[in-house]
Amino acid sequence: MSKESNSNKIGGVSGLIVRTLPDDIHSVTHHLNQFEGVEVHLSEPDGKLVITVEELPGQKVMVDRITEISAVEGVLSTALVYAHQE
């Protein structure tokens, strides 16, 4: 395996449910999409978001990223529902 392909390897993937108030869903979604490695896959009108977080080499540890997500203004709660580490 080349060094270049190894540097792009994902270290881990987590799936989370993020809860927000319905009025805050658009601003929270926008803010979450600013984080590298975070993707919002589903947003429900009731304020539920389904996201994945990918940990790439050189990035913050997964738990630090989840803590940052929890601190986003408008986030009421986060629930880790899936985690896989390479």
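Numbering (the numbering used here), first residue to last: 47 to 132. From the three backbone atoms N, C-alpha and C, an ideal C-beta is built for every residue, glycine too.
| Item | Value |
| --- | --- |
| Where do the ends of the alpha helix (DSSP H) carrying GLU114 lie? | 108-116 |
| Just to confirm the assignment, what range does the alpha helix (DSSP H) spanning LEU78 have? | 71-78 |
| Between the beta-carbon of SER89 and the beta-carbon of VAL96, is there less than 9 Å? | yes |
| Using the Cβ count rule (16 or more neighbours within 10 Å means buried), how would you classify GLU101? | buried |
| Short of 6 Å in beta carbon distance, which residues of its chain neighbour GLN131, apart from the five on each side in sequence? Order them along the chain. | GLY58 |
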